[in-house]
Structures are given as C-alpha cells and as structure tokens.
Amino acid sequence: MTRRDSILREMGLGPIWRLRDAPEVALAADDGPEPAVVQDDPPPAPAAPPPRQAASPLKSLASFQNAAAEPAVARTPPADAGERTARLAGLDWEALTETILACRDCTLCEQRTQAVPGVGDVQADWLFVGEGPGAEEDARGEPFVGKAGKLLDAMLAAIDLRRGDNVYIANAVKCRPPLNRTPEAEELAACFPYLARQIELIRPKLIVALGRPAAQALLNTDIRIASARGRCFDYQGTPVIVTYHPAYLLRNPLDKAKAWEDLCFARRQMRDRQSGQGEV
Ligand code: URA
Numbered sequence: 002m003t004r005r006d007s008i009l010r011e012m013g014l015g016p017i018w019r020l021r022d023a024p025e026v027a028l029a030a031d032d033g034p035e036p037a038v039v040q041d042d043p044p045p046a047p048a049a050p051p052p053r054q055a056a057s058p059l060k061s062l063a064s065f066q067n068a069a070a071e072p073a074v075a076r077t078p079p080a081d082a083g084e085r086t087a088r089l090a091g092l093d094w095e096a097l098t099e100t101i102l103a104c105r106d107c108t109l110c111e112q113r114t115q116a117v118p119g120v121g122d123v124q125a126d127w128l129f130v131g132e133g134p135g136a137e138e139d140a141r142g143e144p145f146v147g148k149a150g151k152l153l154d155a156m157l158a159a160i161d162l163r164r165g166d167n168v169y170i171a172n173a174v175k176c177r178p179p180l181n182r183t184p185e186a187e188e189l190a191a192c193f194p195y196l197a198r199q200i201e202l203i204r205p206k207l208i209v210a211l212g213r214p215a216a217q218a219l220l221n222t223d224i225r226i227a228s229a230r231g232r233c234f235d236y237q238g239t240p241v242i243v244t245y246h247p248a249y250l251l252r253n254p255l256d257k258a259k260a261w262e263d264l265c266f267a268r269r270q271m272r273d274r275q276s277g278q279g280e281v
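Per this note's numbering, the very first residue in the sequence shown carries number 2; after that it's consecutive.
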C-alpha cells in the first residue's frame, strides 16, 4: 500500500480513490440535498463580523458561475469594530499574538484556559480556518490537536500538505466556546479582527474555510456548506474555498468523499494561482 493509499484510507477514502483513480475529481455543481441532521450546518446562522462586501464567487471560475448566489446577509458590527480593527492594523506577529492571548473583548475569555491564536508557517500559501478551539486545544494552546485535528492532518497529507509547512491553521474564534458550542454571532464578530490581521500578515494564496462558522466569518454572508462547495469565493482579493469541518466529518463519514473533492478543487485552484492562471 502506498503512503497516499494509507492516508486516504485513514480519511475513509481508499475505495473512492481507486474507483475514480485520479485526484482531479470533477465537482458536481449540485452536490445533492443537505444531510438531514447537520450539526455542522445548524439552522440559525451564526453571524459574521464587520461591514464588508458580501462574498461573491470569483469571476474566473466560469464552470461554477451558474451556481445560485448565496443571499447576502447584512451583519451588525460591534459598535467599536472600526476602532478595534484600527488598533490591530499596525501589529506584527508578536504583538498580535500577545494581544490575542490577553484578549477580554467577549465573554469567551471567562472560561478559557488560554486563547489559541493559531499555528504554522506565517508566510504560508495555504490558510485553513476552523471554528474555535475545543477542550484539547484550550489545554494545549494549539488549534486542531484533538481527534478532528488528526483528521485535518490526514486531509492535509492527502493533498501533500503538512501542518506548519506552507500551511497556517487558525480559528474563527480564538477562545473555546463552553461545551464546544457553536460560536455566537457576537463572538465571531468580536474575534474577526484578529483573523483579519492574521490574513493581512500571512497573505495566503488560498483560504480553506472548515465548516459553516468559519465560512460565514470570512465571507460575511449566510453560507450552507453543501451549496457553497465547489465555488471559489473572495475575501479581500484572496480566494476562499469552503468544505466540511473535520469534526462534522467524524460524525458523518459518508461526507468525507465530498471533502476529498473539495480538497482536490482547492489544490487545483492553488496550482492555477501558482502558475499565474488564476484571476482574483
Ligand atoms: N475544531 C476547530 O474548529 N478548531 C480547533 O482548533 C479544534 C477543533
């Protein structure tokens, strides 16, 4: 068994790899109905942060342009969003990390062990954004170190990526929501300036949003993963691709095949951009 076979097997994708026999799996524009129980896609949409343009698919992706546009949802930014964003604007990595670790801007700080800023290559081409730290991440101060993190590592390996090597991993909220609940709209909004500054500093070529809260935080619009997959969105000139959160995939292993398609799509987008074909 090759290394790739064993990685795909770990993701639960061995047979699918063999059936399709190629990483460049064609994506269907419509991936079918939403799963009936989608904890990753809960009905009340957590809101995303400050006033920005709502997400739009990138013009260059003609094959995906026919997908219906997501409705834009106006978000109410926290009253001091502009001031907070301005405060972070000049911060370098060290100062930003210190600010995140000391943050008390929302109630998530009350029950955290520590804030979890992110991990990886600060000049990475790839940025993966999750939802928020869980218990193990809260204890260790690093994102995605629990079971979901193991699956994320396998997902990265499946497209020849490794944590820390041209990859940065961050979360939409930096402090653990109690009982691992989905972050509230206000929490996502309060924390967004940190992610925004991280993106400014990293300047990734591609962002992969893992799950709905991350997608909504980045794209500032209501997103359902099932209908947003296979499309390339834009965050201030950086392409954003969405896929299922690894924790969701652990609960819904049948959707791992879709996540694999999404990763292949992301890899194609990255290659296009690296070879100068992609247009933002
Ligand atoms: N889930 C996330 O979204 N982020 C983590 O860091 C861990 C689990």
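Ideal Cβ positions, reconstructed from N, Cα and C, are used throughout, including at glycine.
The Cβ atoms of Leu189 and Pro214 lie closer than 8 Å to each other. When secondary structure is reduced to three states using DSSP, Pro178 falls in the coil class, being assigned neither helix nor strand.
With the rule of 3 Cβ pairs closer than 8 Å, the region 182 to 199 counts as touching the region 106 to 114. The three-state reading of DSSP puts Thr244 in strand, counting E and B together.
Secondary structure note for Asp235: its beta strand (DSSP E) is the uninterrupted segment 234 to 236. Unbroken beta strand (DSSP E) runs of no fewer than 3 residues, entirely contained in the region 110 to 164, are found at 127 to 131, following chain order.
Below 8 Å, too few C-beta pairs join the region 143 to 154 and the region 212 to 230 to call them touching: fewer than three. Taking all protein chains in view, the Cβ of Gln199 is crowded by 16 or more other Cβ atoms within 10 Å, so the residue is classified as buried. The Cβ atoms of Tyr169 and Ala216 do not sit closer than 8 Å to each other. Between Asp263 and Thr244, the C-beta spacing is below 8 Å.
The three-state secondary structure of Thr239, taken from DSSP, is strand.
Separation of Ser228 and Ala149 (C-alpha to C-alpha, rounded to the nearest whole angstrom) is 23 Å. Secondary structure within the region 173 to 233: the alpha helix (DSSP H) runs of 4 or more consecutive residues, fully enclosed, are 186 to 203, 213 to 220, 226 to 229 (chain order). Three or more Cβ pairs drawn from the region 149 to 169 and the region 115 to 122 lie within less than 8 Å of each other, which places the two stretches in contact. Under the DSSP assignment, Cys265 falls in the alpha helix (DSSP H) whose first and last residues are 257 to 275. Residue environment: Glu132 is assigned as buried (16 or more neighbouring CB atoms within 10 Å of its CB, all protein chains considered). Judged by the Cβ position, Pro178 fails to qualify as a neighbour of the ligand URA at the 7 Å threshold, every heavy atom of the ligand being at least this far.
About 6 Å separates the beta carbons of Phe193 and Ala218, which is inside the 8 Å limit, making them a contact pair. Between Ile208 and Leu128, the gap from beta carbon to beta carbon is short of 8 Å.
Counting only the Cα atoms, Leu251 lies some 16 Å from Ala136. Leu152 has its alpha-carbon roughly 14 Å from the corresponding atom of Leu255.
Where Leu102 is concerned, the enclosing alpha helix (DSSP H) starts and stops at 94 to 103. A direct Cα-Cα distance of roughly 15 Å separates Thr239 from Arg268. Burial is judged here by how many other beta carbons sit within 10 angstroms of a residue's own beta carbon; Arg88 has fewer than 16 and is exposed.
Going by DSSP, Thr108 is part of no alpha helix (DSSP H) at all; its letter is neither H nor E. Looking at the DSSP output, Asp166 bridges to Arg163.
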